[in-house]
Ligand code: NI
């Protein structure tokens, strides 16, 4: 079930049988010369498509996140940490007043983790300080860190996975969007590693945008296997979260 393709009476009825919802969350940022700018938002959305087929309610994708260090590359859009926290707090608050009690953010971007967890801490603090009995459970789940996905990425790519514009995330988007496969030479094949600072420093140290990844190993057929692994991880984790 998709929130965007439902009516309010349908959601009211859904709430009689489940208090849970999945919100895909990602980022809009460069992913090297071959990865799509939407990669981090598309990946959780693609996996959530499979979850919705199982009768789970999927909310709208929050597709802009924490991408300040990518701003040196055209097309990247960021929120400030304070803005993203405000967005998450307001999304959670809106759903909570209607009776949602299990809000599961399926995340595609490592840079969102600290900020979204800080937003959850704000929500819990509000509830604790108000003295209300809060039945709200929040979770940020990173699709790329599930146990099946981690095992499969390691088998397929080993150390060539890297940390940005990874062959895993690019493969997954190409599986879902086969018309968007890019064939562009990458030099060097494996991108450099190093710390992330501000946008100008980032472009100086990672000139084509990738970090540590051999993005040229991405393939649609790997993406299909990663999709199946990620969907199994997400379904298992979400069902555990609802309990
Ligand atoms: Ni990414």
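Numbering (my numbering), first residue to last: 12 to 254.
All C-beta atoms in this analysis are idealised placements derived from N, C-alpha and C, irrespective of residue type, glycine included.
Note that the structure is predicted; figures quoted are calculated from it, not measured.
If distances are taken between C-alpha atoms only, which option among the options comes closest to residue i?
i           : options            : result
residue 87  : 249, 148, 43       : 43
residue 161 : 136, 144, 179      : 179
residue 37  : 239, 202, 200, 71  : 71
residue 204 : 222, 164, 149      : 222
residue 231 : 35, 64, 189        : 189
residue 218 : 28, 144, 199, 229  : 199
residue 185 : 20, 28, 48         : 48
residue 201 : 220, 207, 192      : 220
residue 254 : 150, 102, 167      : 150
residue 46  : 243, 250, 237, 197 : 197
With 16 as the cutoff for other CB atoms within 10 Å, does residue i come out buried or exposed?
i           : result
residue 194 : exposed
residue 33  : buried
residue 18  : exposed
residue 41  : buried
residue 163 : buried
residue 74  : buried
residue 110 : exposed
Is the beta carbon of residue i less than 8 Å from the beta carbon of residue j?
i           : j           : result
residue 121 : residue 210 : no
residue 187 : residue 245 : no
residue 95  : residue 77  : yes
residue 224 : residue 175 : yes
residue 183 : residue 234 : yes
residue 30  : residue 112 : yes
residue 139 : residue 147 : no
- request: Starting from the N-terminal side, write out each stretch of the beta strand (DSSP E) that is 3 residues or longer and does not extend beyond the stretch 121-153.
  value: The beta strand (DSSP E) runs lying completely inside the stretch 121-153 and spanning 3 residues or more are 148-153, given in chain order.
- prompt: Taking only runs of the beta strand (DSSP E) that begin and end inside the stretch 20-63, which ones reach a length of at least 3 residues, in chain order?
  reply: The qualifying runs are 31-36.
- request: Could I get the ranges of all uninterrupted alpha helix (DSSP H) runs contained in the stretch 206-248, with 4 residues as the minimum, in chain order?
  value: You should have 210-216.
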